[in-house]
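Enquirer:
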Amino acid sequence: MLRGLLRSRPDEIRPHPGPVPADGPTNVAGGRSGALRAAIFGVNDGLVSNLSLIMGFTGAAVDNSIVVIAGVAGLLAGAFSMAAGEYISMRSQREVFERLIHLEAHELATEPEEEREELIEIYRKKGVPEDVAEQLVDVLHRDPDLALETHAREELGLDPEQGLGSPWAAAGSSMLTFMFGAFVPLVPFLIGSGPTAVAWAIGLSGVTLFAVGAGLSRITGKNLWWSGARMLLVGGVAAGITYSVGKALHVNTTG
Numbered sequence: 096m097l098r099g100l101l102r103s104r105p106d107e108i109r110p111h112p113g114p115v116p117a118d119g120p121t122n123v124a125g126g127r128s129g130a131l132r133a134a135i136f137g138v139n140d141g142l143v144s145n146l147s148l149i150m151g152f153t154g155a156a157v158d159n160s161i162v163v164i165a166g167v168a169g170l171l172a173g174a175f176s177m178a179a180g181e182y183i184s185m186r187s188q189r190e191v192f193e194r195l196i197h198l199e200a201h202e203l204a205t206e207p208e209e210e211r212e213e214l215i216e217i218y219r220k221k222g223v224p225e226d227v228a229e230q231l232v233d234v235l236h237r238d239p240d241l242a243l244e245t246h247a248r249e250e251l252g253l254d255p256e257q258g259l260g261s262p263w264a265a266a267g268s269s270m271l272t273f274m275f276g277a278f279v280p281l282v283p284f285l286i287g288s289g290p291t292a293v294a295w296a297i298g299l300s301g302v303t304l305f306a307v308g309a310g311l312s313r314i315t316g317k318n319l320w321w322s323g324a325r326m327l328l329v330g331g332v333a334a335g336i337t338y339s340v341g342k343a344l345h346v347n348t349t350g
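Convert by adding 95 to the 1-based position in the sequence shown; the result is the number in my numbering.
(1) How is leucine 328 classed by DSSP in three states: helix, strand or coil?
(2) Three or more C-beta pairs under 8 angstroms: does that hold for the stretch 315-334 against the stretch 156-173?
(3) Helix, strand or coil for alanine 266, going by three-state DSSP, please let me know.
(4) Nearest-angstrom Cα distance between alanine 174 and leucine 241?
(5) Can you find at least 3 beta carbon pairs, one from the stretch 142-153 and one from the stretch 275-290, that sit closer than 8 angstroms?
(6) My output table needs one value for lysine 220: the three-state DSSP class, helix, strand or coil.
(7) Can you have a look at proline 290 and say buried or exposed, based on whether 16 or more other CB atoms are within 10 angstroms of its CB?
(8) Between which two residues does the alpha helix (DSSP H) harbouring asparagine 318 extend?
(9) Please determine, among Trp321, Ala296, Gly252, the residue with the shortest C-alpha to C-alpha distance to tyrosine 338.
(10) Please report how far the alpha carbon of valine 340 lies from the alpha carbon of phenylalanine 152, in whole angstroms.
(11) Within 10 angstroms of the Cβ of serine 160, are there 16 or more other Cβ atoms? Answer buried if so, exposed if not.
(12) By the 10 Å Cβ neighbour count, where 16 or more other Cβ atoms means buried, how is serine 378 classified, buried or exposed?
(13) Compare the C-alpha of alanine 200 against each of Ile215, Ala306, Ala247 and name the closest.
(14) In this structure, does DSSP put histidine 246 in helix, strand or coil?
(15) Note the first and the last residue of the continuous alpha helix (DSSP H) segment covering aspartate 226.
Given below as structure tokens:
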């Protein structure tokens, strides 16, 4: 990706967006990590939001068909909203990163000595002796592609090995996982109704919430039971609040 940017036309380079923060570059997630993040938020948001929506309607004691319509509407609206938001977010992020890389390529071509000094200073702050840092930077700058990759990593916090992430992958995983999560509390109302469907919706959602939280513990390193219980508690509180609101409103749809 960076090698292609290095060969970009000069007129594609835009003005500098502003200085990099003095306290160092901000590390950014890309590639698989962006899609994974979208997937995690998707399944969690889908489950919690649609469970809360359905519990609100059941609390209002509306007809089962209305609960189903509300659940399906919540599933579709949320899924498309998540996908659109994730795509725009990732697309904008890519455009910002590409702009910074274009600028870095331009600066390497027009101000090589200043860029050399910047990289030497970065390595010096990391504890590399100045003479060693100078030799290292001189070797890196012999290859324009390698120089750009190194400056992107050290100055911008971009890891060329990770890439910048795919907006379509993030949007797709976000949409599918949201739909999966939102479908869980809806299933019992598609095949049943009344208190039995409510009980099954709560049970299935609770198990899924705990499983998602427990799965996250593999990434965060937190205790499996604590992570699962925390996810279950958050989802349970949200669903309980909306159920209480719905019960307080208690819509009468019979006449």
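Backbone N, C-alpha and C define an ideal beta-carbon position, used for all residues, glycine too.
Expert: Short version:
(1) helix
(2) no
(3) helix
(4) 41 angstroms
(5) yes
(6) helix
(7) exposed
(8) No alpha helix (DSSP H) holds asparagine 318; DSSP gives it neither H nor E.
(9) Ala296
(10) 9 angstroms
(11) exposed
(12) Any property of residue 378 remains undetermined from this structure, which presents the chain solely from 96 to 350.
(13) Ala247
(14) helix
(15) 225-235
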